[in-house]
Amino acid sequence: MKKINTNRLINEKSPYLLQHAHNPVDWYPWGEEAFKKAEKEDKPIFLSIGYSTCHWCHVMEEESFEEAEVAGLLNENFVSIKVDREERPDIDAVYMAACQILTGSGGWPLTVLLKPDKKPFFAGTYFPRETAHGRLGIIELLTRVKKLWHEKRDDINESAAHLIRELKDHPRSSTLPEITTDLLEKAFNEFKERYDPDHGGFGTSPKFPSPHNLMFLLHYYILTGEPKALEMAEVTLISMRLGGIYDHLGNGFHRYSTDEEWRLPHFEKMLYDQATMIYAYAEAMKITGNRFYSEVIQSIYRYLTSVLRSPAGGFYSAEDADSDGEEGKFYIWSYAELYELLGDEFEEFRSIFPVEEHGNFIDRIKGGFTGENVIYLPEPLDIMAEKLNTNKDTLEARANYFKGILFERRKSRIHPHLDDKILTDWNGLLIAALARAGRYAKNPEYINTAAGISEFIEKHLKDNRRLLHRFREGEAGIEGFLDDYAFYSLGLIELYKATFNSDYLRLTIEYVEVLLNSFADDAGGFYLTPHHDEDLPARWKDVYDGAMPSGNSVMLRVLITLYHYTGKTDYLKAAEKLIRAFYPSVEKIPHAHSFFLAALEPLLYPAYELVIVGERDNKEIKAALVELTKPAYTNVAVLLKDSANSEKLENFAPFTKGMNTGDTGCFFYLCSNSVCELPVPTAKELFFKMEK
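1 is the number of the first residue of the sequence shown in the working numbering; add one for each residue after it.
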C-alpha cells in the first residue's frame, strides 16, 4: 500500500492549502514557524502562491510537488511555504509585484525564492519539472539556487535589497493635478484603438471580460453622448453572452476566453466575475432598456443561488476549471455523445448550436482540433430565427429544450471542485451588483439577497467593529484587508440607494473611518494592510484595475459619494489625497485604471445632492424615485429623510437639519456646490429645476 504523506497544511482552513496537505513536499503555511526554521538552518524559502481553482497550479502540483525527486530537493535544501492568494491577497500582492519587476509579467502559480527575512531575490510563475523548449525546469532551478545560496550569497543579498527598494518606492506621489475630462477622453481613445469590432472586447486572445472597463464606457456614453462608447460596450456584452465563455447550460460566466471570438473559455468560474458582470449588464440595461440584459442578469443570479450560495447566507468563492483531472471536461461534448443523446433531433440542435465531428475548438497548447465541442451561439436568436425561417420565441423554446436535455446529462458527470470559502471582499462586490441591479430592474429579490449577504457579514465576519476576510466551515479568520472594507462599503452604499435604510450609511461610515485611521498612507491612498501589520518586507498600495477594480479605485468612489451624502469635507480631502498619490500611474495608462476614472465623474461633471423629505409611499416621492433611476441622473446623490430615519440622517448629514415637509407632505431639496435651492413639493417641479 502506498504511504500517504501528510504535512502541516492539514490543519489549515483554505481549500487550496488542503489540496496540498498530502504532497511529499514538507509544506508550511505562512507563519513564524517556517521563517524561524529557515533562519536556524540557513536555508532559502521556496514560496508557492496559487488558488484552488487554478489550472496551472494543479499542473505544477501533479508534475512536481507530488514527485519524489522535486520533493527531495525542496525538503533537503529549502523551507517550502504554500499560500492561498485568495486568503492572503497581501502576500500575493507584494510578491507578484516583485515578480513583475523582475520578469515584466506575472500569473499563477507564483513561484518566489526568499531569504529567511522574507525578502525576495527570484520570482517566476509556472515551472515544468524538466527544462524544455526554452523554459527553465524546477529541478534545474532548485539546483542552481542551492549552489548560488552557498557560493554567491552576496549577490543574492544585493538582489534582494535592490528589489525591496523598488517595492517601497511604488507609487510616487505628485502635487494635486488639475483634473479634466481629457483624461477620460484619453482612456476612451485607448479602448477605441484596442477594440475588436468583429467580436467585441479589446486586444487579441486571451480576452478577459473586465466588466469595469465596460462600465467606464457606459458611463462615458451617459456623460458625453459618444455613440462609439455604447457600441463597444454593447457588442462586447452581447458577444460574451453568446460565446462559450458563458455557460449556456448551467449559467454564469467562465474566467476568460482563450480565443478572440469568446468561444473557448478557461473554464473556472469566479464569484467576483459574476458580481462585476451583473454590475455591467445592469448599467447596459439602465441605458438601453433592452430586456436581453435583464435576462442575462437573471441567468447569472440563477447560477449564483443554485451553486455558490451557502446555507448560512454568504456566497462561495469559485468553481474549478478541472474535473476528473482534465480542464473543461465537465463542460465539453463529443460529437458522438451529442448524436447518441439527441438522436433524430441532432441536426436541429446543430442548426442552433454549431458542433463538429472534429470538434469546434483548437487546443491552444497542442494545436489542432480536439474532437470536443463547446456549446455557444454563433449569433443572436432573433437574427438566427430569420435565417431559419422561424420566429425568435419558437427558436428560443427549442434552444431551451435542447439545453435542458444536455444539462440533465451533464449532471451525471464528475462535478468540478467547489471552493467553499466565503470572502468578505468578493461578497461585498456581489452586494453592490445585486443591489444596483435590483434597483434598476425593480426586482426586490435581488435587493433582499444583497441585504442577506450584509447580514451574514455583520454576523460572521466582524470582530470588535473590524472586518475579517475569510469564513469557512463555521470559522472566521484573517484580519480584513483594504478590499474587504472598500468593496463592502461600496455594497453598503448601493444597499442604501436601493432601500434608503440609513443603517447602511452608518455602517459605511464606520468602516471608512477604520480605513482612514488604520490603512491610510500620509501621502494619500490606502495600503492593502493596516498600519500594525509588519508581516511583509514592504507594505503595498496599488490602483491598477485588473481582474477586479482595485481597492483604492473603489475607495475613491466611496469617499466622493460619502462627501456628497454627508457634506463632510474630510472625505473629499481624503479623495483628493488619493488622486494625488496615484495620478502619475493613472495618467500614464488611463485605460488600465477605468474604475478609478469612472469614480472621478462627480468631480468632472455637474453633480447634485437631493434630499427628499417625506414618506416613501408618497405618490410624488414614488414618481421621483422611478425617474431618478434613469441615466440622466447618474451623478445625483439621493437622501430620503422620512419619519423612520430623520434623526439618524441628521447625525450623518448635518446639512439636512431643518429640512422638513412643510404642509405639503413632501419636499424636494436640490443642492449643488454646498448650496441648496428652495424646496419644491412635486416631482415635476424638481425635474424642471434639474433640466435647467
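The C-beta atom is built at its ideal place from N, Cα and C for all residues, glycine as well.
Beta bridge pairing from DSSP links residue 156 with no other residue. The continuous alpha helix (DSSP H) containing residue 149 extends over residues 138-151.
Shown here for residue 259: same chain residues with a beta carbon closer than 6 Å to its own, the five before and five after excluded, namely 205 in chain order. Setting aside the 5 residues that flank it on each side, residue 601 is surrounded in the same chain by 219, 223, 635, each with a C-beta closer than 7 Å to its C-beta; the list follows chain order. In this structure residue 467 is in contact with residue 511, their Cβ atoms being roughly 7 Å apart against a cut-off of 8 Å. Annotation for residue 146: 77 place their beta carbon closer than 7 Å to its own, counting only its chain and skipping 5 residues before and after. Relative to residue 654, the option among 615, 579, 56, 569 whose CA is nearest is 569.
Between residue 404 and residue 249, the alpha-carbon positions lie close to 7 Å from each other.
Taking 8 Å as the upper bound for CB-CB distance, residue 137 and residue 127 are in contact here, some 6 Å apart. Residue ranges of uninterrupted alpha helix (DSSP H) with 4 or more members, entirely inside the segment 272-310 and ordered along the chain, are 291-303. Here the alpha carbon of residue 188 sits roughly 13 Å from the alpha carbon of residue 212. A direct Cα-Cα distance of roughly 6 Å separates residue 560 from residue 575. In the structure shown, the three-state DSSP call for residue 362 is strand.
A residue is called buried once 16 or more other Cβ atoms fall within 10 Å of its Cβ, and residue 143, having fewer, is exposed. In this structure residue 426 does not touch residue 375 by the C-beta definition: roughly 27 Å separates them, more than the 8 Å allowed.
Cβ neighbours of residue 280 within its own chain (closer than 7 Å, five residues either side excluded): 211, 214, 215, 237. Beyond the five residues adjoining it in sequence on each side, residue 203 comes within less than 7 Å, by CB distance, of 194 in the same chain, given in chain order. As for any beta strand (DSSP E) of minimum length 3 sitting wholly inside the segment 656-691, the runs are 666-672, ordered along the chain.
The alpha carbon of residue 436 has as its nearest neighbour, out of 571, 282, 355, 58, the alpha carbon of 282. Non-local beta-carbon contacts of residue 592 in its own chain, meaning distances under 7 Å to residues more than five positions away in sequence, involve 544, 545 in chain order.
In the same chain as residue 514, and ignoring 5 residues on each side of it, the C-beta atoms closer than 7 Å to its own belong to 466, 485, in chain order.
CA-to-CA, the gap between residue 157 and residue 121 works out to about 8 Å. The shortest CA-to-CA distance from residue 113 to any of 38, 166, 179 is the one to 38. For the pair residue 648 and residue 162, the Cα-to-Cα distance works out to about 52 Å. Note: residue 422 is bridge-paired with 471 in the DSSP secondary-structure output. Closest option to residue 401, judged by alpha-carbon separation, among 474, 65, 345, 276: 345.
Judged by DSSP in its simplified three-state form, residue 246 adopts strand. By alpha-carbon distance to residue 263, the top candidate from 362, 64, 94, 482 is 362.
With a beta-carbon spacing of about 49 Å, residue 657 and residue 14 fall beyond the 8 Å limit used to define contacts.
For residue 221, the enclosing alpha helix (DSSP H) starts and ends at 211-224. A residue is called buried once 16 or more other Cβ atoms fall within 10 Å of its Cβ, and residue 472 is buried on that count. By the neighbour-count definition (other C-beta atoms within 10 Å, threshold 16), residue 584 is an exposed residue.
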